[in-house]
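Asker: Residue numbers (the working numbering), protein chains in the order written: chain A, 939 to 1678; chain B, 939 to 1678.
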């Protein structure tokens, strides 16, 4: 594997979507229109928790320009046992439907209760004010502690408790393990809800044919996901739904579910006209999925050699209004990069009156790592061990078992840790009021199903078509893989994302699976083409196809009697050689996990509590970087988001559960001037499951920063931080005891 | 073949595109728009023949709303030896370019000389008047006789003559053959240019990305044709062109070339904005391809038994402004349904100052059959033989050779002729002033290249994706084929036409090839899926895939130990069984010819010359009718168009070469009230080359009507007609000698 020389894979080829994006020509979700189209708007709850007594849409329905008003009664009522989702991550279709349009109760401020389609966006918004909703306001449950209290209001009466689910994992002898420990640290960590903050708000256009065929143009991470879920929520045959994914202006996991699509579909069906819906930024904040807030207790013991003897954790994750926080993923990740012989993990999925949490880059892992890596940092301090050395002594690897029981392949932990230790950053001197933090991260990555078609046209150019919206450079990577397998220039390969009618099923772009799994499908499809090219050359030469080699875009004959045949020559004759060359590939892919380590230097102004990241290095095992610039971009982007999460981002709710900062001015994401250059080091310990050794890279880089920043700031401030964000007031308050 | 029982093929399944079409919801070429789109308009020549001295676009370019003005100087100058096209039908790319925008000369009234893009269609049209073109007006060549005269103006100076090409075919001993003949008839026939008259005018929207990627939405019979030709005419890499074919409102061959697309592409590139162009009906008539006018001399001799001893013909076809009439196809078809032991054929491609002729349903064959079948009718009269009996005695069949040398498969001539003879229509009594005509037709049909993808989703539904725009029921036929092969209900198959990036190369929808060739590709793709289903069932059962049978949508185990597995059950497990199921198929198909016979009863009003078709029966060998309703629709549509061609349709030019009837009020196509019910009889003598025995059916039905109507009218009028259309003035004039 490591010995295969690549000609295209690993190069920094020009991004095929770059020019259109930087010149503003690319078509995003809101850039599509149809003749005769109506515009939709959503009426949202002004209460965080209330029972809906009645909705009167009559007055709104008579307003000028208004064509239809819908409520949850226009959606089929799904049964609570209609479940879907993937292995270990069940989702309730009823919850998805109720989150799209509240049926009996509103469960958060901003929860959709009705939708209008009108001849203009203005008319639609104006009509919202004419919809009369009678609410019975209930006490909102706004924090985890209250949610778990006996006697707290219960969001979902039929479920009996605000704990929607709980998992427990244990192994070894926990008490015995702690008994062997020389140092034990136990702390509880808290993090608030944060939002992925993708630039592009959710948007869609839906057209319903007279025969019930539905076409959906939308920005999504998964056309087939929209197809499947929308069919269920609207009670139609999924075969009648076609989804055309637009260019996507950021997803980070936030575009892996439905919000507007079923509303637009029902409005389109009612009116017989296409319906367009576009969220405002405020709607994105109030009513789409933030990352879960968390309360995580971690206890770890190490022996005199710095080896972990035992660890346990209670993980509480905020699901928001409906079950589905990444509590399972948090439990899967928290201890896995280390050998923990004796452990216990209990994780809880807790509902409360906030927006339904959504996926956000490595869901569950950043807050888990914040807790674990902070504790390890403190153990390093206590034991006097270098924090990287401590991690090296405990690094898990091939053959070890994760707490879930999964047997690990080589994670590359050792190579990543060694790369960090020898990096100049790690030994660089620190200035006054500066602190350095180290933290590792682990993400299991997803495999799942992918499909690809590769076609070679008569001029020898190739097209690769996939069903995965391109978020992080998929088109470039797929073209590189085809160029590699066919042995043709990268510029001769065109890479496209197609609609759900034009390709086989493809799981979402997410889980850091696309380059790995869809790339694997593309590889199979391209090799299928190579076999056809070899067979055609063999036919021309009258030899056995097995004797024909394919190298550098040419078929080489087994003997000296024939001249090699190029792909251009063979393609030009396709009419005479059996017709067009089509290749396809599909698979259920297996993924190898990713690990990384981030180094962070923070400078603290002790007078104001303002901290600034002054140096940052991200080191990550990419397995094999198919397109290194995109890998670095993912590392830099993940680190930037993680720094924002660590330092400033948070959902701030008032006492009634209304978000007080639903805009980019008040919700403080880092901008370019807030950050130093994020340096990157790509380590390549190949995945045993991918033809090129590639591992998912997109999610891992958001896992270490929370802890890396907090550890750095703890060292700079001389006090341990356990709650995010580390905004100036909180830092100042934590330092207060020392200053007075 | 004939013994295979079909469950879906041959049924009259509901048309998947029907509801959207009849309710006006289907999106045709002009129904697409993009944000920021400009509108284009074309300045057309007011002269039929002129040299362009200069074009001054400056004033137009400064008008309000005008963004760009282009002339041929904005297109690359192609060399005359850049040729393309398919086997035996070369096309000059330079001619296509010059027809899109005239460079040195205008060659017909309506020839495009410049194009404007402006912020509205009105502003674009208004700007045309401000473009100053200086012409040197030349004598127009407006009829075939003048075109062939020595000293006539030559349209293309570098070619030396108005005869662009000539082919000669002969065999046997012509003079010897005539010497054996008892009856010889020789006549010359003339037909004017006619237009296919599709309801939807040409329309497109073109968007050019900053990286030069071009996306074309247009109504066309071939997305890959547009991709290829537009790339050549605009001098860009075809790999950078993506064509998204819209729903098509009729083509009949008329949408098999370029008119607006390169203009819109160049305007879009110049302005950086999407550009939409839509023709008016007048532009469609004046500047898109009519069927060639013709002058055809035919001489046939038969012996005392009614067997043809010799035949010869001179075929002159009007190419219009640029070479490319179907003179070759006319020569290929004219004698082929009959055994002609001694023959000679000479065919000429003649240019003259009329719109460049285009393909129109069985190009070349209807006028050829008009000549041949009229002569045979006269020979039947002279010899006293029944006209069907005469044709039976001469019918060609398996093993016979066409004049082109091609060896024929069984055409089904005998079965078609017998079906006609035994049809009640043939023996029904005629009323006063009524006449009955019989005529056969032959069309070789095209095979060419096709591609198809078939995918089975997790719910067991299938999608079949093809690259052929659906003109005559392709989607229904492809779904029937997939339903047949997979053994699933027709309703569980979704059939879609996709863009050129989403499918392998596919030759145009035309030549009556699509159901046959693309259907064959679909059949291969569906069988590929069946093999995968069998392999997956085998894996579950632990048996050899070869032992698993696939019947009625289920895998049947080799033994009694297992329960059959349905496609739904197997599809639901695709994640565990290797991923999504993708099937593909492609081929260079071989086509079997089609033959048919039409019976026509005409009633003539001897006072006015008005004739009315009072009964009409079309009989045709469809090989195997995949969807009989569509086959009947093709037969009825072709007959209707042929009746219009026979009776009323013609391009009428004034002395300067300006078409005088460029609208549906003056260009007299038959409407529903002009026609009786067209009765149909489908004969099924299978094609040996298609898995279901299907033959192309779309073009053949326009071949017999010209002669069938003329023969009927000749019998009603008591005089032989040799020139079309048989409009009242012409009929009256022909009868004049008898009336006085």
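All C-beta atoms in this analysis are idealised placements derived from N, C-alpha and C, irrespective of residue type, glycine included.
#1: Using a Cβ-Cβ cut-off of less than 9 Å, list which residues of the stretch 1503-1530 of chain A approach chain B; keep chain order.
#2: Just verifying my parser: in three-state terms, what is the DSSP assignment at residue 1558(B)?
#3: Can you find the residues in the same chain that come closer than 6 Å, C-beta to C-beta, to residue 1134(B), ignoring five residues on each side of it along the sequence?
#4: Between the beta-carbon of residue 1643(A) and the beta-carbon of residue 1560(A), is there less than 7 Å?
#5: Between residue 1046(A) and residue 1259(A), is the Cβ-Cβ spacing less than 7 Å?
#6: Answer yes or no: does any C-beta atom of chain C fall closer than 7 Å to that of residue 1159(A)?
#7: Cα separation between residue 1587(A) and residue 1578(A)?
#8: With 7 Å set as the bound, which would you pick, yes or no: does the beta-carbon of residue 1387(A) sit closer than that to a beta-carbon of chain B?
#9: Does any C-beta atom of chain B lie closer than 7 Å to the C-beta of residue 1060(A)?
#10: Here's the rule: buried if 16 or more other CB atoms are within 10 angstroms of the residue's CB, otherwise exposed. What is residue 1603(B)?
#11: Where residue 1321(B) and residue 1237(B) are concerned, what is the direct C-alpha to C-alpha distance, given to the nearest angstrom?
#12: Any chance you could list the beta strand (DSSP E) runs of at least 3 consecutive residues sitting entirely within the stretch 1433-1512 of chain A, in chain order?
#13: Are there 16 or more other CB atoms within 10 angstroms of the CB of residue 1200(A), so buried, or fewer, so exposed?
#14: Are the CB atoms of residue 1269(B) and residue 1253(B) nearer to each other than 7 Å?
#15: Would you call the CB atoms of residue 1099(A) and residue 1518(B) closer than 7 Å?
#16: Within the 7 Å Cβ cut-off, does residue 1005(A) reach chain B?
#17: Please go through the stretch 999-1078 of chain A and give each complete alpha helix (DSSP H) segment of 4 or more residues, from N-terminal end onward.
#18: In this structure, what does DSSP give as the bridge partners for residue 1549(B)?
#19: Could you tell me whether any Cβ in chain A is nearer than 7 Å to the Cβ of residue 1432(B)?
#20: For residue 1609(B), does the count of other Cβ atoms within 10 angstroms reach 16, so buried, or fall short, so exposed?
#21: What is the rounded straight-line gap between the Cα of residue 1078(A) and the Cα of residue 1421(B)?
#22: What residue ranges within the stretch 1634-1662 of chain A form continuous alpha helix (DSSP H) runs of no fewer than 4 residues, ordered along the chain?
#23: Locate the beta strand (DSSP E) running through residue 1588(A), then write down its first and last residues.
#24: Are the C-beta atoms of residue 1408(A) and some chain B residue less than 7 Å apart?
#25: Quick one: grab the DSSP three-state call for residue 1265(A).
#26: Residue 1645(A) versus chain B: which residues are under 7 Å apart at the beta carbon?
#27: Name the residue from 1502(A), 962(A), 1442(A) and 1542(A) whose alpha carbon lies nearest to the alpha carbon of residue 1149(B).
#28: Please report the straight-line C-alpha distance between residue 1282(B) and residue 1315(B), rounded to a whole angstrom.
#29: Got a sec, what are the start and stop residues for the alpha helix (DSSP H) residue 1178(A) sits in?
#30: Compute the Euclidean distance between the alpha carbons of residue 1484(B) and residue 1467(B), then round it to the nearest angstrom.
#31: Please check the pair residue 1196(B) and residue 1038(B), which I expect to be a contact at CB under 8 Å, by giving their CB distance rounded to whole angstroms.
#32: Using a C-beta to C-beta distance shorter than 8 Å, which residues of chain A count as neighbours of residue 961(B)?
#33: Using a Cβ-Cβ cut-off of 7 Å (strictly less than) and excluding sequence neighbours within five positions of residue 1245(B), which residues of its own chain qualify?
#34: Find the nearest neighbour of residue 1186(A) within the set 956(A), 1207(A), 1279(A) and 1582(A), judged by alpha-carbon distance.
#35: By how many angstroms is the C-alpha of residue 1227(A) removed from the C-alpha of residue 1012(A)?
#36: Suppose the cutoff is 6 Å on Cβ atoms and the five residues either side in sequence are ignored; what does the same chain contact list for residue 1208(A) look like?
Answerer: Straight from the coordinates:
#1: 1512, 1513, 1514, 1515, 1516, 1517, 1518, 1519, 1520, 1521, 1522, 1523, 1524, 1525, 1526 and 1527
#2: The sequence position of residue 1558(B) within the second chain is 620, counting from 1. Correct three-state label for residue 1558(B): strand.
#3: Here residue 1134(B) corresponds to residue number 196 of the second chain, with the count starting at 1. Within the same chain, 1190, 1192 and 1298 come within 6 Å of residue 1134(B) by CB-CB distance, once the 5 residues on both sides are set aside.
#4: Numbered from 1 along the first chain, position 705 holds the residue referred to as residue 1643(A). Numbered from 1 along the first chain, position 622 holds the residue referred to as residue 1560(A). Not in contact: residue 1643(A) and residue 1560(A) (Cβ atoms no closer than 7 Å).
#5: Within the first chain, residue 1046(A) is the residue found at index 108, counting from 1. Within the first chain, residue 1259(A) is the residue found at index 321, counting from 1. The answer is yes: Cβ separation under 7 Å.
#6: Here the protein chains are A and B, and chain C is not one of them.
#7: Mapped onto the first chain, residue 1587(A) falls at position 649. Mapped onto the first chain, residue 1578(A) falls at position 640. When rounded, the distance between both Cα atoms is 12 Å.
#8: The count along the first chain starts at 1 and reaches residue 1387(A) at position 449. Chain B contact via Cβ: present.
#9: By one-based count along the first chain, residue 1060(A) stands at place 122. False, the Cβ-Cβ gap to chain B never drops below 7 Å.
#10: For the purposes of this step, residue 1603(B) is taken as the residue at position 665 of the second chain. Looking at its Cβ environment, which holds fewer than 16 other Cβ atoms inside 10 Å, residue 1603(B) is exposed.
#11: Counting from 1 along the second chain, the entry for residue 1321(B) is found at position 383. Counting from 1 along the second chain, the entry for residue 1237(B) is found at position 299. So the alpha carbons of these two residues sit roughly 15 Å apart.
#12: 1487-1489 and 1492-1494
#13: In the first chain, counting from the first residue as 1, residue 1200(A) sits at position 262. Classification of residue 1200(A): buried, given that the 10 Å Cβ count is 16 or more.
#14: Start at 1 with the first residue of the second chain, and residue 1269(B) comes out as number 331. Start at 1 with the first residue of the second chain, and residue 1253(B) comes out as number 315. Yes, the Cβ-Cβ distance between residue 1269(B) and residue 1253(B) is below 7 Å.
#15: Locating residue 1099(A) in the first chain gives position 161, where the first residue counts as 1. Locating residue 1518(B) in the second chain gives position 580, where the first residue counts as 1. Not in contact: residue 1099(A) and residue 1518(B) (Cβ atoms no closer than 7 Å).
#16: The residue you call residue 1005(A) lines up with position 67 of the first chain. Cβ-Cβ to chain B under 7 Å: no for residue 1005(A).
#17: Runs of the alpha helix (DSSP H) lying entirely within the stretch 999-1078 of chain A, each at least 4 residues long, are 1031-1038 and 1059-1066 in chain order.
#18: Here residue 1549(B) corresponds to residue number 611 of the second chain, with the count starting at 1. 1542(B), per the DSSP bridge assignment.
#19: One-based indexing of the second chain puts residue 1432(B) at position 494. By this cut-off, residue 1432(B) is an interface position.
#20: As a first step, residue 1609(B) is located in the second chain; it is residue number 671 there, counting from the start. Result: exposed.
#21: Here residue 1078(A) is taken as the residue at index 140 of the first chain, counted from 1. Here residue 1421(B) is taken as the residue at index 483 of the second chain, counted from 1. Residue 1078(A) and residue 1421(B): Cα-Cα distance of roughly 54 Å.
#22: 1643-1655
#23: The residue labelled residue 1588(A) in the question sits at position 650 within the first chain. For residue 1588(A), there is no enclosing beta strand (DSSP E), as DSSP marks it with neither H nor E.
#24: Taking the first chain and counting its residues from 1, one reaches residue 1408(A) at position 470. So, not an interface residue.
#25: Along the first chain, one-based indexing puts residue 1265(A) at 327. It is helical.
#26: One-based indexing of the first chain puts residue 1645(A) at position 707. What residue 1645(A) touches in chain B: nothing, since even the nearest Cβ is about 34 Å away.
#27: Position 211 of the second chain, counting from 1, holds the residue named residue 1149(B). Residue 962(A) is the option with its Cα nearest to residue 1149(B).
#28: Position 344 of the second chain, counting from 1, holds the residue named residue 1282(B). Position 377 of the second chain, counting from 1, holds the residue named residue 1315(B). For residue 1282(B) and residue 1315(B), the distance between alpha carbons rounds to 20 Å.
#29: Position 240 of the first chain holds residue 1178(A). Careful: residue 1178(A) lies outside any alpha helix (DSSP H) and carries neither H nor E.
#30: What you label residue 1484(B) is simply residue 546 of the second chain in a count that begins at 1. What you label residue 1467(B) is simply residue 529 of the second chain in a count that begins at 1. If you draw a straight line from the Cα of residue 1484(B) to the Cα of residue 1467(B), it is about 15 Å long.
#31: By one-based count along the second chain, residue 1196(B) stands at place 258. By one-based count along the second chain, residue 1038(B) stands at place 100. Right, their Cβ atoms sit about 6 Å apart.
#32: Taking the second chain and counting its residues from 1, one reaches residue 961(B) at position 23. Result: 1148.
#33: Mapped onto the second chain, residue 1245(B) falls at position 307. The answer, listed in chain order, is 1331 and 1332.
#34: By 1-based counting over the first chain, the position of residue 1186(A) is 248. Of the listed residues, the one whose Cα sits closest to residue 1186(A) is 956(A).
#35: Position 74 of the first chain, counted from the start, is the residue given in the question as residue 1012(A). Position 289 of the first chain, counted from the start, is the residue given in the question as residue 1227(A). The straight-line gap from Cα to Cα measures roughly 24 Å.
#36: For the purposes of this step, residue 1208(A) is taken as residue 270 along the first chain, with counting starting at 1. For residue 1208(A), where only same-chain residues beyond five positions count, the Cβ hits under 6 Å are 1006.
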